[in-house]
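Structure first, commentary second.
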Amino acid sequence: MDSLYIKQSNSDQLKDRPIIPLRYKKSTLISPKFFEFMEGKNCIVTGGNSGIGFETALALANFGANVTILSRNQEKAEASVKSIKAKSQNNNVDYILVDLSSQISLKDASNYILKEYDKIDILVNNAGAWFSKLELTDDGVERQLAVNHLAYFLLTHELLGALHNSDDARIICVGSDSHFHGKIHFEDLSLGKKYNGLKAYAQSKLANALFVYELNRQLKSRGIHNISINCVQPGLVKTDIGLKHSISLHGIIWRLRRMGGVSPAKGAETSIYLASADEAKSQSGKYWDKCKPKPSSKRSYNTEDAIKLWNISKDLCGIDDYFSPLIKENHL
Ligand SMILES: NC(=O)c1ccc[n+]([C@@H]2O[C@H](COP(=O)([O-])OP(=O)(O)OC[C@H]3O[C@@H](n4cnc5c(N)ncnc54)[C@H](OP(=O)(O)O)[C@@H]3O)[C@@H](O)[C@H]2O)c1
120 MDSLYIKQSN
130 SDQLKDRPII
140 PLRYKKSTLI
150 SPKFFEFMEG
160 KNCIVTGGNS
170 GIGFETALAL
180 ANFGANVTIL
190 SRNQEKAEAS
200 VKSIKAKSQN
210 NNVDYILVDL
220 SSQISLKDAS
230 NYILKEYDKI
240 DILVNNAGAW
250 FSKLELTDDG
260 VERQLAVNHL
270 AYFLLTHELL
280 GALHNSDDAR
290 IICVGSDSHF
300 HGKIHFEDLS
310 LGKKYNGLKA
320 YAQSKLANAL
330 FVYELNRQLK
340 SRGIHNISIN
350 CVQPGLVKTD
360 IGLKHSISLH
370 GIIWRLRRMG
380 GVSPAKGAET
390 SIYLASADEA
400 KSQSGKYWDK
410 CKPKPSSKRS
420 YNTEDAIKLW
430 NISKDLCGID
440 DYFSPLIKEN
450 HL
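Counting in our numbering, the sequence shown runs from 120 upward without gaps.
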C-alpha cells in the first residue's frame with residue numbers, strides 16, 4: 120500500500136461514530152484505458168464493493184470515468200478498488216467508508232465527496248440489504264427502509280448541488296420487481312407490530328420507485344432539466360444479498376433461488392446503460408428492466424403516497440428543504 124494516502128477528519132464530531140469515513144486514493148500513476156468516453160465524469164457507486172455495484176463501478180472505470188465506491192468494509196473496499204484498477208487500467212478509482220444505515224456516517228461521507236468533487240455526473244444508489252429479522256438503526260429506523268430507501272433519499276439530497284453542476288447528471292436507483300408485492304405501511308413503517316422481512320424488503324423497493332418518480336416531478340417543476348433520475352430492476356442476480364443478514368432457513372432458500380439468477384455483470388447492465396449511453400441522456404422518471412423502460416406497479420404511481428413518503432423521509436432524515444443544496448449553490 121505504498122502509494123496510498125489517507126485523509127481523515129480530526130473533528131471531535133467524528134468520535135463515537137459507527138464507522139468513520141476514511142478516504143483512500145492512489146497517487147496519479149496513469150495507465151492506458153480501454154475506453155475514454157467517460158473521462159472527466161465523476162461517478163459515485165454505493166455498494167460498489169460487491170455484486171451488481173462492483174460490476175457497475177468496473178464498467179464505469181473501463182469507460183475512463185473517475186469512480187468512487189461507497190463501502191462499509193475497509194478490507195472489501197480495498198480489494199475491490201485494487202481489482203477494478205487492475206482490470207480497467209484506470210487508476211482514478213477510490214473508496215469512502217460509510218455505514219449507509221447511519222445518517223451521520225452518510226453525511227460525513229457526503230462531505231468528503233463534496234470536498235473532492237464540486238461536480239458529480241453519475242450517482243448510482245445501488246447498495247441494498249435484506250434482513251430476516253426486525254432490526255432498528257441508531258436513527259431508530261427499520262434497517263431495510265434505512266439502507267434501501269432512506270440512504271438513497273439522503274445521499275441524493277446531500278449531493279444535489281454537485282449533481283446540478285454537471286450538464287448531464289444521472290441518478291440511478293437500483294430497485295427491484297419485488298416492489299410489485301410491496302405496500303408502504305404508513306401506519307407502521309418499521310413493521311414492528313408483526314415483522315416480515317419480505318414485506319419490509321418489498322416496501323423499501325416500492326419506496327425506491329415512489330422516490331424516483333417524485334424527485335423527477337419536483338426537479339421538472341423547478342425547471343431543472345440537467346439532472347435525470349431513473350429506477351432500475353436488475354432481475355434475479357447471483358449475489359450474496361440474501362445471505363448476509365439471514366436466518367439459516369432464509370439463507371438456504373436464497374441459495375436455491377439465486378441458482379436461477381443471472382451473473383452480477385448481467386444484472387448490472389441496465390445501471391451501466393443508464394449511466395453511460397448517449398441515448399439515455401434525455402430519459403428520466405422511468406422504471407427500467409433489461410435496458411428498456413417498463414411499467415412499475417400501480418401503487419408506485421400513486422402521487423399522494425409519493426408525497427406522503429417524501430415528507431416522512433424528510434422528517435426521518437431531519438431535512439427541512441430537500442432542495443437547499445441548490446439554494447446554497449445559487450442554482451435556484
Ligand atoms: N441480487 C438480486 O437478485 C437483486 C434483485 C433485485 C434487486 N437487487 C438490488 O440490487 C442492489 C445490489 O444488491 P446485490 O444483489 O448486488 O447485493 P450485494 O452483493 O450484497 O451488494 C449490496 C451492496 O450494498 C452494501 N451495503 C449493504 N448495507 C450497507 C450499509 N449499511 N452500508 C454500506 N454498504 C452497505 C453491501 O456491502 P457489504 O458487501 O459490506 O455487505 C454491498 O456492497 C440492491 O439494492 C438490491 O436490493 C438485487
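Ideal placement from N, C-alpha and C gives every residue a C-beta, glycine not left out.
All of these numbers come straight from a predicted model, not from anything done at the bench.
In this structure, Ile360 has its CB closer than 7 Å to one or more heavy atoms of ligand 1.
At the C-beta level, Glu174 and Ala394 stay beyond 8 Å of one another. Judged by DSSP in its simplified three-state form, Asn244 adopts strand.
Beta-bridge pairing by DSSP links Asp237 to no other residue. Judged by the Cβ position, Gly342 fails to qualify as a neighbour of ligand 1 at the 7 Å threshold, every heavy atom of the ligand being at least this far.
If you check the C-beta of Asp440 against ligand 1, you find no heavy atom less than 7 Å away. Partner residues in the beta bridge of Arg289, as assigned by DSSP, are Ile241, Ser347. Closer than 7 Å to some heavy atom of ligand 1: that does not describe the Cβ of Ile232. Taking C-beta atoms as the reference points, Leu310 and Leu253 count as a pair closer than 8 Å. Leu355 has its CB nearer than 7 Å to a heavy atom of ligand 1.
By the Cβ neighbour-count rule, Gly166 is buried, with 16 or more other Cβ atoms within 10 Å of its own. Leaving aside the five residues that flank Ala387 on each side, the residues in its chain whose CB is nearer than 6 Å to its CB run, in chain order, Ile171, Glu174, Thr175.
Around the C-beta of Pro353, 16 or more other C-beta atoms lie within 10 Å, and the residue is accordingly described as buried.
Every beta strand (DSSP E) of 3 residues or more that sits fully in the region 179-215 is shown, in chain order, as 185-190. Around the CB of Asn315, fewer than 16 other CB atoms lie within 10 Å, so the residue is classed as exposed.
Around Gln402, the same chain offers Ser347, Asn349, Leu393, Pro412 as residues with beta carbons nearer than 8 Å, after the five sequence neighbours per side are excluded. Shown here for Leu264: same chain residues with a beta carbon closer than 8 Å to its own, the five before and five after excluded, namely Leu308, Ser309, Ala319, Gln322, Ser323, Ala326 in chain order. The nearest non-hydrogen atom of ligand 1 is 7 Å or more from the C-beta of Ala178. If the five residues before and after Lys204 are omitted, its C-beta is found closer than 8 Å to the C-beta atoms of Lys145, Ala180, Asn210, Val212, all from its own chain and listed in chain order. Per the C-alpha coordinates, the member of Val200, Gly159, Lys363, Leu233 positioned closest to Thr275 is Leu233. Look at the beta carbons and you see the region 242-259 touching the region 351-366: at least three pairs across the two are nearer than 8 Å.
In this structure, Lys195 places its C-beta atom within 8 Å of the C-beta atom of Ser169. If you draw a straight line from the Cα of Cys436 to the Cα of Leu269, it is about 8 Å long. Looking at Gly342, Phe272, Ile290, Arg377, the one whose alpha-carbon comes closest to that of Lys433 is Phe272. The beta carbon of Asp408 sits no closer than 7 Å to any heavy atom of ligand 1. Using a Cβ distance threshold of 8 Å, Phe305 and Lys206 do not count as a contacting pair.
Here Glu277 is buried, its C-beta having at least 16 other C-beta atoms within 10 Å. In this structure, Lys195 has its CB closer than 7 Å to one or more heavy atoms of ligand 1. Excluding the 5 residues flanking it on each side, Lys400 has same chain C-beta neighbours closer than 7 Å at Asp287, in chain order. Between Val243 and Val356 the beta-carbon gap is near 15 Å, outside 8 Å, which marks them as no contact.
Straight through space, the alpha carbons of Ala228 and Ile371 are spaced by roughly 35 Å. The residue among Val381, Ser190, Phe156 with its C-alpha nearest the C-alpha of Asp218 is Ser190.
Taking each of Gln208, Lys409, Leu216, Ala184 in turn and checking the Cα distance to Glu197, the smallest one comes out for Leu216.
Rounded to the nearest angstrom, the gap between the Cα atoms of Ile290 and Glu333 is 13 Å.
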